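Position 27, counted from 1, in the sequence shown is what UniProt numbering calls 27; the numbers after and before it change by one each time, with no gaps.
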Amino acid sequence: MEELDLIVESVQHDMEAAVKHLDHAFQRIRAGRASTNMVQDVMVEYYGALTPINQVANVSIPDAMTISIQPWDAKAINDIEKAIINSNLGFAPSNNGVNIILNVPPLTEERRRELAKQAKAETEDTKVVVRNARQNGLKELKKLDGVSEDLIKGIEADIQVLTDKYVKICDEHFKAKEAEIMKV
Numbered sequence: 001m002e003e004l005d006l007i008v009e010s011v012q013h014d015m016e017a018a019v020k021h022l023d024h025a026f027q028r029i030r031a032g033r034a035s036t037n038m039v040q041d042v043m044v045e046y047y048g049a050l051t052p053i054n055q056v057a058n059v060s061i062p063d064a065m066t067i068s069i070q071p072w073d074a075k076a077i078n079d080i081e082k083a084i085i086n087s088n089l090g091f092a093p094s095n096n097g098v099n100i101i102l103n104v105p106p107l108t109e110e111r112r113r114e115l116a117k118q119a120k121a122e123t124e125d126t127k128v129v130v131r132n133a134r135q136n137g138l139k140e141l142k143k144l145d146g147v148s149e150d151l152i153k154g155i156e157a158d159i160q161v162l163t164d165k166y167v168k169i170c171d172e173h174f175k176a177k178e179a180e181i182m183k184v
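Rendered as structure tokens:
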């Protein structure tokens, strides 16, 4: 019985992790306003090591359409600028010698649709991960010996209920993100 509970807990943990990953992916998809999350995954080559941008500079949002990056080491400003350009975020950094300023352009209708498609793709990928977690749980159930078929059928039903729940959560998160993206 304990093994069955562990399998269900493991499946649920994997599904929760998939939804957390989806939320993280959605944070990187901008929705018209500047956010520090837009640059959080930029890695800067700093003294020979790839370092997250927030560990080499202060990233702030002075207004809704601007991201300001102030390096802690003035010598790193060019490396940070190069990392932003290479990250394909679509920003053209301007450097005043002290700060790097990223102007976040307003989203066009075409760009909004593109971002909505990107969010939809992330959602579909997450649903695949959720379904794979279900499959892995069912495989683990089949490996068990000495457990009644009725008990296994009950656990399979529980795993399906979890799967349906997390797929629905993914859809709800997508609808909210899509509304945020498409809002002018």
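Quick reminder that beta carbons are idealized off the backbone N, C-alpha and C, glycines included.
Note that the structure is a prediction, hence the values are computed from the model and not measured.
Simplified DSSP assignment, three categories, for residue i
| i | result |
| --- | --- |
| residue 63 | strand |
| residue 12 | helix |
| residue 182 | helix |
| residue 25 | helix |
| residue 95 | strand |
Beta-carbon spacing of residue i, residue j below 8 Å
| i | j | result |
| --- | --- | --- |
| residue 178 | residue 119 | yes |
| residue 137 | residue 10 | yes |
| residue 84 | residue 56 | no |
| residue 39 | residue 107 | no |
| residue 3 | residue 115 | no |
| residue 51 | residue 59 | no |
| residue 103 | residue 70 | no |
Residues bridged to residue i [DSSP beta-bridge criterion]
| i | result |
| --- | --- |
| residue 57 | 71 |
| residue 102 | 67 |
| residue 47 | DSSP, once it has assigned bridges, lists no residue as partnering residue 47. |
For residue i, the nearest candidate out of the options (CA to CA)
| i | options | result |
| --- | --- | --- |
| residue 155 | 146, 141, 145 | 141 |
| residue 49 | 79, 59, 115, 144 | 79 |
| residue 101 | 131, 125, 23, 64 | 64 |
| residue 126 | 8, 4, 2, 23 | 23 |
| residue 124 | 161, 6, 169, 151 | 169 |
| residue 131 | 103, 161, 27 | 161 |
| residue 20 | 182, 174, 180, 58 | 174 |
| residue 8 | 28, 152, 82, 117 | 152 |
| residue 105 | 6, 157, 67 | 67 |
| residue 171 | 150, 128, 54, 134 | 128 |
| residue 139 | 81, 150, 159 | 159 |
| residue 182 | 33, 5, 1, 6 | 33 |
| residue 135 | 117, 146, 157, 147 | 157 |
| residue 37 | 61, 176, 47 | 61 |
| residue 113 | 81, 6, 29, 5 | 29 |
At least 3 beta-carbon pairs within less than 8 Å: the segment 15-22 vs the segment 157-171: Yes, they touch.
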